[in-house]
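When the letters of the sequence shown are read in order and numbered with the working numbering, they come out as residues 3 to 112.
Glycine included, each C-beta is placed from N, C-alpha and C at the ideal position.
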Amino acid sequence: MAALGKKLRSVQAERGRAVMFWCPGCNEGHKVMVDDGPAPRWSFNGDGDRPTFQPSVRVQWPDPDHPGRYIKACHSWVTDGQIEFLADSTHHLSGQTVELPDWPHITDMT
Numbered sequence: 003m004a005a006l007g008k009k010l011r012s013v014q015a016e017r018g019r020a021v022m023f024w025c026p027g028c029n030e031g032h033k034v035m036v037d038d039g040p041a042p043r044w045s046f047n048g049d050g051d052r053p054t055f056q057p058s059v060r061v062q063w064p065d066p067d068h069p070g071r072y073i074k075a076c077h078s079w080v081t082d083g084q085i086e087f088l089a090d091s092t093h094h095l096s097g098q099t100v101e102l103p104d105w106p107h108i109t110d111m112t
C-alpha cells in the first residue's frame, strides 16, 4: 500500500489498481477500482488530497444468516475531498457531508 496524498492509499488488487479512502462513518478503508478492466470501475480525478470518484461508492456487508440480505451499508459520493453520505447508509453519518479524513496512521487506529 502506497500513500497517494494525505487522504488516499494506492493498492494493487487482484483485478487491477485500486485506490482506498478512509470512511469516517465505518471507521475503515473503502476500495474503488480506478484502472481499465472489468466492471465495476470508477473515474478518479487523480488528486490524493481532494479526490473525486464517480459514480457513487456503495459498500454492503452480507448477513451470514440470510443469503442475499445485508446487515449494514455505506453509500456515498466523494467529491473534491468531501464525502456525502446518502440516506441509505446505516451508520451515524447517514445524510451528512463531511471532509474526507486523512488516512490514519496505525498508531491512530487503537
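With respect to the beta strand (DSSP E) encompassing LEU95, which residues constitute its N-terminal and C-terminal limits? As a position in the sequence shown, residue 95 is number 93, starting the count at 1. Where LEU95 is concerned, there is no enclosing beta strand (DSSP E), given that its DSSP letter is neither H nor E.
Quickly, what does DSSP pair GLU86 with across the bridge? List them, please. Within the sequence shown, residue 86 is the residue found at index 84, counting from 1. Partner(s): TRP79 and THR99.
With three or more C-beta pairs closer than 8 Å as the rule, is the stretch 43-51 touching the stretch 90-98? no
Buried or exposed: where does PRO53 fall if 16 or more other Cβ atoms within 10 Å of its Cβ makes it buried? Start at 1 with the first residue of the sequence shown, and residue 53 comes out as number 51. Buried, by the Cβ-count rule.
Any chance you could list the beta strand (DSSP E) runs of at least 3 consecutive residues sitting entirely within the stretch 22-58, in chain order? 30-35
Close Cβ partners of VAL61 (< 6 Å) along its chain, the five nearest in sequence each way excluded: Position 59 of the sequence shown, counting from 1, holds the residue named residue 61. Excluding positions up to five away in sequence, the list reads HIS32 and CYS76.
State buried or exposed for LYS74, treating a residue as buried only when at least 16 other CB atoms are found within 10 Å of its CB. Taking the first residue of the sequence shown as 1, we reach residue 74 at position 72. With fewer than 16 other Cβ atoms within 10 Å, it is exposed.
Report the option in HIS107, MET22 and ILE85 whose CA atom is closest to the CA atom of GLY97. For the purposes of this step, residue 97 is identified with residue 95 of the sequence shown, where counting begins at 1. Among HIS107, MET22 and ILE85, the Cα nearest to that of GLY97 belongs to ILE85.
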